[in-house]
DNA sequence: GTCCGGGTTCGAATCGTTTCGAGGCGTCGC
DNA sequence: GCGACGCCTCGAAACGATTCGAACCCGGAC
């Protein structure tokens with residue numbers, strides 16, 4: 001008894017047809033008599049043949065049916081953030097409908113201290129790659145992919161020559177939010193920002209550090225404030241978009257002599273942390289301090305408070321990324337997409353105490 | 001000018017060696033003079049050749065370097081649960097170190113109403129598959145994979161002939177927790193359970209429904225209570241392991257004439273929801289009602305409360321799954337693993353009101 | 001001088017499928 | 001009755017790499 005799994009040739013032999021005909025029976029690409037197809041399929045069933053081997057098919061067609069999704073520096077961190085997760089969800093569904101599988105690839109090598117990129121990025125089969133969240137111009141992952149000739153789509157990154165980008169109106173949303181606060185009468189507004197890129201830390205941003213800002217969403221959201229004429233009294237950089245980080249940053253900002261009357265956090269998770277910090281310090285929201293976020297995710301445990309935030313269409317972003325991937329694979333040169341955001345005022349912002 | 005990317009043959013030609021020698025230069029499998037290797041590598045650099053095409057390599061070696069991870073019915077739901085995420089994180093790192101990439105595959109077809117499994121499961125290249133969370137005996141995904149001859153590892157599932165399982169001591173942990181409550185003096189204990197399998201709903205479990213329990217973790221955690229001699233006054237089945245669900249279930253349980261003195265939730269997220277429900281109803285925890293969870297995840301926003309829970313080693317579970325995958329690929333027949341859990345008493349359980 | 005052997009390199013076969021052009025057979029039209 | 005046209009089927013050539021055994025070259029030993 002032969003042991004390796006049956007191949008198309010075995011099936012063809014059993015059905016008494018040629019290999020090419022058997023192939024046709026499975027792929028359906030080409031004319032084939034119904035009787036013949038049935039015979040082949042029957043033979044396949046008998047032999048326990050479960051469809052063409054994807055490896056052989058890939059080699060021949062040059063396509064693997066795999067889209068790599070490059071996630072930030074740590075899976076753990078990316079996935080604790082509902083924002084990434086919802087985008088990924090939209091992306092997986094959209095690509096799934098196109099028959100593309102999603103391969104998770106860490107953006108950095110698993111072993112600490114190594115320089116370069118994760119070996120998977122260099123060796124895994126992929127038809128296209130998506131840098132889902134916050135690439136930079138000199139991203140080693142991006143360079144590696146370009147060297148391999150893999151088409152790339154960037155989510156929320158800088159525009160790079162020839163690489164389509166899908167983003168949201170970070171800047172305009174941030175501006176609207178700032179206007180909302182200004183209209184309420186706030187003058188002393190502090191910011192808890194997303195990471196700047198480079199080494200992660202939770203600390204007040206110095207002018208020196210401000211020049212090292214490399215991460216696009218962070219940058220755009222800060223610029224939006226400027227557009228509304230707001231100059232933050234302080235900016236605290238969070239090490240990651242997590243509740244704990246927001247809480248630490250909130251303490252830094254609020255546990256001082258003359259605290260700001262409003263805190264703008266660059267993500268809802270950070271804002272939630274700021275709310276907790278305010279609660280710990282005995283500050284009422286929004287009477288003593290207003291707090292606003294960004295993203296528009298569900299935070300059921302915040303009730304009865306409702307966070308004022310800028311909602312972005314997360315699932316739609318995943319879909320847009322998927323569409324861009326499709327266009328790229330079809331050989332088109334997709335336009336950059338910029339998805340709309342909406343200001344959603346809740347109960348956590350109000351006029352400052354006079 | 002030829003446009004398609006250079007192949008190993010091109011590189012070999014440019015370096016003046018045979019294809020087989022060039023292959024050696026890259027794979028390092030076999031003796032090769034340092035000078036020759038350098039010459040090949042130099043030629044490769046000049047031609048912009050970025051390493052052997054994974055498709056060709058896969059076909060020849062019969063291995064794709066891909067492990068499929070089959071996630072529950074919806075990505076969104078799986079990933080909103082920190083439990084899945086942390087396990088996945090451990091799994092991705094462990095597999096990454098072995099050079100295996102993780103392909104995300106939905107457990108059910110993307111398009112509603114279709115029967116069967118996601119086409120990716122049948123056509124994507126994979127050396128092994130991991131059913132990460134809660135498969136059942138008659139899981140169509142499992143059957144499909146077995147038909148393809150793909151080795152499978154199950155996380156938290158039923159034991160199936162010839163399929164290695166990695167689980168935790170659900171039953172013993174649950175029993176310990178129950179004893180803790182009994183020792184405190186509780187007699188009226190209610191349960192908020194994980195889904196039973198089949199149609200999802202948030203409702204009180206009838207005796208009829210109890211016979212339809214298909215999902216292993218749910219089952220084991222209920223059995224653990226029995227082991228401690230606890231017969232729940234009511235069991236409410238949640239539609240998913242989410243805070244909202246726990247909150248709804250909590251209302252169902254606590255907003256009644258004669259509420260239980262303790263609520264055991266089968267996950268921390270559910271327990272958090274129960275806490276919120278208790279708060280909404282003006283019940284003090286643990287004075288009026290004790291609440292316990294399962295999993296041991298971080299819930300920073302619960303502070304100053306600390307949830308009493310059964311902690312399971314989530315990252316270790318991911319690693320154990322990875323090790324099992326490795327063993328399977330090495331041709332071994334891995335033993336089922338059962339990871340230890342620890343009762344962690346917090347501030348949310350105490351003696352019942354007398 | 002011949003033989004032997006260690007260290008490299010080469011040729012050819014192979015992995016399983018798709019695709020393309022050629023050919024066979026039956027039928028329809030004139 | 002003959003030619004042409006369709007519909008199917010087939011054979012052979014890729015796709016890009018790995019691998020195995022054979023061939024090779026050179027120095028050292030007898």
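Residue numbers (UniProt numbering), protein chains in the order written: chain G, 1 to 354; chain C, 1 to 354. Beta carbons are placed, not taken as given, at the ideal position from N, Cα and C, and that holds for glycine. As the structure is a computational prediction, the values presented were derived from the model and not from experiment.
Check whether residue i and residue j have beta carbons under 9 Å apart
| i | j | result |
| --- | --- | --- |
| residue 342 of chain G | residue 311 of chain G | yes |
| residue 192 of chain C | residue 253 of chain C | yes |
| residue 135 of chain G | residue 194 of chain G | no |
| residue 268 of chain G | residue 220 of chain G | no |
| residue 236 of chain C | residue 205 of chain C | yes |
| residue 153 of chain C | residue 128 of chain C | yes |
| residue 262 of chain C | residue 246 of chain C | no |
| residue 156 of chain C | residue 224 of chain C | no |
| residue 213 of chain G | residue 197 of chain G | yes |
| residue 22 of chain G | residue 9 of chain G | yes |
| residue 99 of chain G | residue 120 of chain C | yes |
| residue 107 of chain C | residue 141 of chain C | yes |
| residue 123 of chain G | residue 72 of chain C | no |
| residue 345 of chain C | residue 180 of chain C | yes |
| residue 331 of chain C | residue 94 of chain C | no |
| residue 243 of chain C | residue 260 of chain C | no |
| residue 338 of chain C | residue 305 of chain C | no |
| residue 277 of chain G | residue 249 of chain G | yes |
| residue 70 of chain C | residue 131 of chain C | yes |
| residue 336 of chain G | residue 159 of chain G | yes |
| residue 96 of chain C | residue 118 of chain G | yes |
| residue 227 of chain G | residue 303 of chain G | no |
Residues that DSSP places opposite residue i in a beta bridge
| i | result |
| --- | --- |
| residue 199 of chain G | Residue 199 of chain G is not bridged to any residue. |
| residue 104 of chain C | G:102, C:69 |
| residue 120 of chain C | Its beta-bridge partners do not exist; DSSP assigns none. |
| residue 237 of chain C | C:193, C:203 |
| residue 129 of chain C | C:68, C:152 |
Residue environment, residue i, which counts as buried when at least 16 other CB atoms sit within 10 Å
| i | result |
| --- | --- |
| residue 149 of chain G | exposed |
| residue 355 of chain G | Limits of chain G in this structure are 1 at one end and 354 at the other, which puts residue 355 of chain G out of reach. |
| residue 12 of chain C | buried |
| residue 210 of chain C | exposed |
| residue 333 of chain G | exposed |
| residue 103 of chain G | buried |
| residue 31 of chain G | exposed |
| residue 286 of chain C | buried |
| residue 38 of chain G | exposed |
| residue 48 of chain G | exposed |
| residue 89 of chain G | buried |
| residue 105 of chain C | buried |
| residue 231 of chain C | exposed |
| residue 4 of chain G | exposed |
| residue 86 of chain G | buried |
| residue 238 of chain C | buried |
- Whole alpha helix (DSSP H) runs in the stretch 261-343 of chain G with 4 or more residues, listed along the chain? Runs found: 268-280, 314-329.
- Query: For the stretch 184-200 of chain C against the stretch 162-174 of chain C, are there 3 or more C-beta pairs whose distance is under 8 Å?
  - Reply: They do not touch, by the three-pair rule.
- Item | Three or more C-beta pairs below 8 Å linking the stretch 291-298 of chain C and the stretch 344-352 of chain C | These segments touch.
- With a floor of 4 residues, list each alpha helix (DSSP H) that falls wholly inside the stretch 137-186 of chain G, ordered by position along the chain. You should have 140-148, 170-184.
- Query: Does the stretch 45-52 of chain G touch the stretch 47-64 of chain C, meaning 3 or more C-beta pairs lie closer than 8 Å?
  - Reply: Output reads no: the stretch 45-52 of chain G does not touch the stretch 47-64 of chain C.
- Message: For the structure I just gave you, are there three or more beta carbon pairs, one from the stretch 72-91 of chain C and one from the stretch 292-309 of chain C, closer than 8 Å?
- Response: With the cut-off at 8 Å, the stretch 72-91 of chain C and the stretch 292-309 of chain C touch.
- Do the stretch 323-336 of chain C and the stretch 255-268 of chain C make contact, defined as three or more Cβ pairs closer than 8 Å? Look at the beta carbons and you see the stretch 323-336 of chain C not touching the stretch 255-268 of chain C: under three pairs across the two are nearer than 8 Å.
- 4 or more residues per run - each alpha helix (DSSP H) lying fully within the stretch 188-234 of chain C: For the stretch 188-234 of chain C, whole alpha helix (DSSP H) runs of length 4 or above, ordered along the chain, are 207-210, 216-227.
- Would you call the stretch 37-46 of chain G and the stretch 11-19 of chain G in contact, with 3 or more CB pairs under 8 Å? By the Cβ criterion, the stretch 37-46 of chain G is in contact with the stretch 11-19 of chain G, since at least three pairs of Cβ atoms, one from each stretch, lie closer than 8 Å.
- Unbroken beta strand (DSSP E) runs of length 3 or more, entirely within the stretch 8-85 of chain G: which are they? With a minimum length of 3 residues, the continuous beta strand (DSSP E) runs that stay inside the stretch 8-85 of chain G are 66-71.
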